[in-house]
Amino acid sequence: MDKFTTLSGIAAPMPLVNIDTDMIIPKQFLKTIKRSGLGINLFDEMRYDDKGEEVEDFVLNQPAYREAQILVAGDNFGCGSSREHAPWALLDFGIRCVISTSFADIFYNNCFKNGILPIVLPEAERDLCMEDATRGANARIEVDLEAQRITLSDGTTIPFEVDPWRKHCLLNGLDDIGLSLEKAPAIDEFERKASADRPWV
Amino acid sequence: MSPKTLYDKIWDAHVVHEAEDGTCLLYIDRHLVHEVTSPQAFEGLRMAGRTVRAPGRTIAVPDHNVPTTPDRIRGGMNEESRIQVEALDRNAKDFGIHYYPVSDIRQGIVHIVGPEQGWTLPGMTVVCGDSHTATHGAFGALAHGIGTSEVEHVLATQTLIQKKSKNMKVEITGQLGPGVTAKDITLSVIGKTGTAGGTGYVIEYCGEAIRSLSMEGRMTVCNMAIEGGARAGLIAPDEKTFEYVKGREHAPKDEHWDSALAWWKTLKSDDDAHWDKVVTIRGEDIAPVVTWGTSPEDVLPITASVPAASDFTGGKVGAAQRSLDYMDLKPGTKLTDIEIDTVFIGSCTNGRIEDLRAAAAILEGKKIKVKRAMVVPGSGLVRKQAEEEGLAQIFLDAGFEWRLAGCSMCLAMNPDQLAPGERCAATSNRNFEGRQGRGGRTHLMSPQMAAAAALTGRLTDVREMMAAPA
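From first to last, the protein sequence lines stand for chains A and W.
Take the first sequence: its letter number 83 is residue 83 in the UniProt record's numbering, and every next letter is one higher.
Take the second sequence: its letter number 295 is residue 295 in the UniProt record's numbering, and every next letter is one higher.
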């Protein structure tokens, strides 16, 4: 997993609420057995018409946002299916950070496993980010994970909260399977005790 | 000892390690695997030279991609789907995990197969790379969906890194009226709390109306906990649970049964347990409901009319307008005036035997008025039982297609899809844009309501079709 330390990039505004994982990456693209290459189909049904042509007014098709690295979104982003193809598609497109008032639980977890930082902000602060994002390519938003701070293009700073463990893993690009395997003796011990207490499991 | 909720008790029984900040390593008793969210996880294991820590606790079945037409065994699968299913075949064999291939009569939707085979038991932790893992909560198991990286983590370590959620109680008091089902309960809860209302919580459903439900009904309720945003939904096990589990292939036997039962009986929330949030709904206030929009929170009683965007506030105004445009509905239209093209009965929400019985009872001796209607049983065993009970013939006589088991048109990864503009009465769990096929329009409802819609060709109040009690 790539480290996430600081990011300075263009933010794309997506004010729609309840953007679900079927919107982020429709099911026909889940037939892959790889993690890569999904960026072209990110938001496929919103981004392309029936003939496969780009929908001009969709935000990521607009010249100002084609290189966006941050999404600023409406409430409850990433609801629905557990498909990790959603963060894989965002990452493959180049999105490394999503800002909203709330995220669906599984999507939120999945982001951290892929070096994407999901930031939860109160509505007023999220709206400031949204307003800045609507200014297009001239407005670069800076995200500093170590300092837990967003800096808007006019210099306004917004602090954010993040779980310390997840922050540590993102900052260092850690593989948490390797870390958990270091606890193998504790897992062995748990299994010994559980098989005595609940041998039927 | 401080009082605990059911969730607290299951959680505490599975903590392997707790860090100072509360991050826990949680032991996983059952890991269910399907073909769509697992190939990258197995590939990850191979690349890192890792193995499956507990193959005996890992169960795999292909369900999302598989065609449901009779020709599927002879290779009626497209190239990409075939590659995914073959990858699961190979991974199950290479890593020595329990497997139900497409050719096995026990194959079906992973969340139907788990309980049916006795893999899902009270007090367990159950995960799967699928959000509807919440279904297994009906047994008083802590069950939730995970992403592919977490699938790999569980395969390698049999644990998950977790922080504890908050406790939410959803109480459904009293009794349900005629024609009102578990599906109406779970949709009504989401209608009340919204799709983010459960975010950060594990829900325990309780109350007389929940107790009165069969295990099948309880699975329907818990299945959609995820649609309300909750990590998991739970129902405390009781005699119905024990009766359902007893004798199933992988359920405990003999002296193990007695010790299991003794522990299972302790699995309930203490009377004075702390709840971070409580929602109470009177069973009598729940009507047969349908969804009108493109979010599972867009729920209304069948007697209502299509709302206007201006009926909402905040970000929902724009979302409601987008839904109305996508669904091609005009505010003020009576829901019962909405004509439908297709009926889909099936899915992990409503693909069990009780669902098929309920739909067949409405359809018996009648003919459908929609362009197409299909029943997709949740497993090969549900299908067999429905054939033995004569339900399959009722569906066929009414004009339904009688399919093989799989996820089918719930997510339309296989060839069972809606055409653009096609409107469907569906017993599944998501009405998102494009969910059942690009441009397809989905109205969610119970199997009874879907059957009623099939007979009239429009959304219909099933109560009008039910015989008055003698």
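The beta-carbon is built from N, C-alpha and C at its ideal position, and this holds for glycine as well.
Check for me: the beta strand (DSSP E) holding residue i runs from which residue to which?
i, result
"Asp-238 (chain W)", "Unbroken run through Asp-238 (chain W): none, as it is neither H nor E."
"Met-14 (chain A)", "6-14"
"Arg-372 (chain W)", "372-376"
"Glu-171 (chain W)", "166-173"
"Tyr-201 (chain W)", "201-206"
"Ala-426 (chain W)", "423-426"
"Arg-30 (chain W)", "30-33"
Could you give the first and the last residue of the continuous alpha helix (DSSP H) run that contains residue i?
i, result
"Ala-92 (chain W)", "79-95"
"Pro-301 (chain W)", "No alpha helix (DSSP H) contains Pro-301 (chain W), which is instead part of the beta strand (DSSP E) from 299-301."
"Phe-132 (chain A)", "A quick correction: the sequence has Asp, not Phe, at residue 132 (chain A). It spans 123-133 - the alpha helix (DSSP H) in which Asp-132 (chain A) sits, taken as one unbroken run."
"Ala-451 (chain W)", "447-456"
"Asn-110 (chain A)", "105-112"
"His-153 (chain W)", "148-157"
"Asp-188 (chain A)", "184-197"
"Ile-190 (chain W)", "182-193"
Considering only residues of the same chain and omitting the five flanking positions on each side of residue i, which have a CB-CB separation below 6 angstroms?
i, result
"Gly-74 (chain A)", "Pro-15, Leu-16, Val-17"
"Ala-373 (chain W)", "Val-343, Phe-400, Ala-454"
"Thr-199 (chain W)", "Gly-229"
"Tyr-99 (chain W)", "Ala-60, Ala-92"
"Arg-430 (chain W)", "none"
"Thr-6 (chain A)", "Asp-144"
"Ala-137 (chain A)", "Ile-10, Ala-64"
"Ala-470 (chain W)", "At Ala-470 (chain W), the pLDDT of 47 sits below 50, so the modelled position is not reliable and the matter cannot be decided from this model."
"Asp-49 (chain A)", "Val-55"
"Glu-123 (chain A)", "Thr-101"
Where residue i and residue j are concerned, what is the direct C-alpha to C-alpha distance, given to the nearest angstrom?
i, j, result
"Asp-276 (chain W)", "Glu-171 (chain W)", "14 angstroms"
"Thr-51 (chain W)", "Glu-43 (chain W)", "11 angstroms"
"Ser-8 (chain A)", "Thr-156 (chain A)", "14 angstroms"
"Lys-163 (chain W)", "Cys-24 (chain W)", "6 angstroms"
"Leu-32 (chain W)", "Phe-95 (chain W)", "14 angstroms"
"Arg-82 (chain W)", "Glu-20 (chain W)", "46 angstroms"
"Asp-154 (chain A)", "Cys-129 (chain A)", "11 angstroms"
"Glu-125 (chain A)", "Phe-77 (chain A)", "16 angstroms"
"Ile-235 (chain W)", "Ile-226 (chain W)", "15 angstroms"
"Ala-86 (chain A)", "Leu-71 (chain A)", "13 angstroms"
"Val-279 (chain W)", "Glu-297 (chain W)", "15 angstroms"
"Met-77 (chain W)", "Ile-19 (chain A)", "31 angstroms"
"Leu-160 (chain W)", "Arg-57 (chain W)", "14 angstroms"
"Asp-12 (chain W)", "Ile-106 (chain A)", "22 angstroms"
"Trp-263 (chain W)", "Glu-146 (chain A)", "46 angstroms"
"Asp-258 (chain W)", "Leu-267 (chain W)", "15 angstroms"
"Leu-459 (chain W)", "Lys-367 (chain W)", "16 angstroms"
"Glu-53 (chain A)", "Asp-22 (chain A)", "20 angstroms"
"Trp-88 (chain A)", "Val-36 (chain W)", "14 angstroms"
"Glu-45 (chain A)", "Asp-163 (chain A)", "33 angstroms"
"Gly-437 (chain W)", "Arg-231 (chain W)", "27 angstroms"
"Ala-405 (chain W)", "Pro-377 (chain W)", "5 angstroms"
Excluding the five sequence neighbours on either side, which residues of its own chain have a C-beta within less than 8 angstroms of the C-beta of residue i, listed in chain order?
i, result
"Leu-261 (chain W)", "Phe-242"
"Gly-434 (chain W)", "Gly-440"
"Thr-333 (chain W)", "Ser-305, Val-306"
"His-34 (chain W)", "Ala-60, Val-61, Pro-62, Asp-63, His-64, Leu-88, Val-110, Cys-128, Gly-129, Asp-130"
"Val-102 (chain W)", "Pro-62, Val-66, Arg-72, Ile-73, Val-85"
Return the chain-ordered list of same chain residues with a C-beta closer than 7 angstroms to the C-beta of residue i, the five sequence neighbours on each side being excluded.
i, result
"Lys-371 (chain W)", "Asp-341, Thr-342"
"Gly-457 (chain W)", "Glu-339, Ile-340, Lys-369, Val-370"
"Met-215 (chain W)", "Ala-138, Lys-240, Thr-241, Tyr-244"
"Val-462 (chain W)", "Gly-179, Pro-288, Ile-362, Gln-448, Met-449, Ala-452"
Any heavy atom of the ligand COA closer than 7 angstroms to the CB of residue i?
i, result
"Asp-270 (chain W)", "Judged by which ligands are present, the structure shown has none, so any question about the ligand COA falls away."
Quiz prompt | Stretch pair the segment 166-178 of chain A + the segment 96-106 of chain A: three plus CB contacts closer than 8 angstroms | solution = no
Exercise. Give, in chain order, every residue of the segment 67-95 of chain A whose Cβ lies closer than 7 angstroms to some Cβ of chain W.
Key: Gly-74, Asp-75, Asn-76, Cys-79, Gly-80, Ser-81, Ser-82, Arg-83, Glu-84
Practice problem: Could you run through the segment 328-356 of chain W and flag, in chain order, every residue whose CB is less than 7 angstroms away from some CB of chain A? | Solution: none
Quiz item: Is the segment 439-458 of chain W in contact with the segment 291-298 of chain W, if contact means three or more CB pairs nearer than 8 angstroms?
Solution: Cβ pair count under 8 angstroms is three or more, so yes.
Quiz item: When you check each C-beta in the segment 170-192 of chain A against every C-beta of chain W, which residues fall closer than 9 angstroms?
Solution: Asp-175, Asp-176, Ile-177, Gly-178, Leu-179, Ser-180, Leu-181, Lys-183, Ala-184, Ala-186, Ile-187, Glu-189, Phe-190, Glu-191
Self-check item: Contact the segment 343-353 of chain W vs the segment 379-398 of chain W: 3+ CB pairs below 8 angstroms
Solution: Enough Cβ pairs lie closer than 8 angstroms, so yes.
Quiz item: Using a beta-carbon distance cut-off of less than 9 angstroms, what residues from the segment 298-330 of chain W approach chain A?
Solution: Gly-314, Gly-315, Lys-316, Gly-318, Ala-319, Arg-322
Practice problem: Compile a chain-ordered list of the residues in the segment 10-40 of chain A whose CB is closer than 8 angstroms to at least one CB of chain W. | Solution: Pro-15, Leu-16, Val-17, Asn-18, Asp-20, Asp-22, Met-23, Pro-26, Lys-27, Gln-28, Leu-30, Lys-31, Thr-32, Ile-33, Lys-34, Arg-35
Quiz prompt | Selection of the segment 426-437 of chain W by Cβ proximity to chain A, strictly under 8 angstroms | solution = Arg-430, Phe-432, Glu-433, Gly-434, Arg-435
Quiz item: Do three or more CB pairs link the segment 55-71 of chain W to the segment 171-186 of chain W at distances below 8 angstroms?
Solution: no
Self-check item: Contact list for the segment 134-153 of chain W against chain A, Cβ threshold 9 angstroms
Solution: His-144, Gly-145, Ile-146, Gly-147, Thr-148, Ser-149, Glu-150, Val-151, Glu-152, His-153
Self-check item: Chain-ordered residues of the segment 38-60 of chain A with a beta carbon less than 8 angstroms from chain W
Solution: Glu-45, Asp-50
Practice problem: Please name the residues in the segment 46-73 of chain W whose beta-carbon is closer than 9 angstroms to at least one beta-carbon of chain A, in chain order. | Solution: If the cut-off is 9 angstroms between Cβ atoms, the segment 46-73 of chain W has Ala-48, Arg-50, Arg-53, Ala-54, Arg-57, His-64, Asn-65 near chain A.
Quiz item: Can you list, in chain order, the residues of the segment 80-105 of chain W whose Cβ is nearer than 9 angstroms to any Cβ on chain C?
Solution: Within the model displayed, chain C is absent; protein chains A and W are what it includes.
Quiz item: Three or more C-beta pairs closer than 8 angstroms, one from the segment 137-153 of chain W and one from the segment 108-115 of chain A: is that the case here?
Solution: yes
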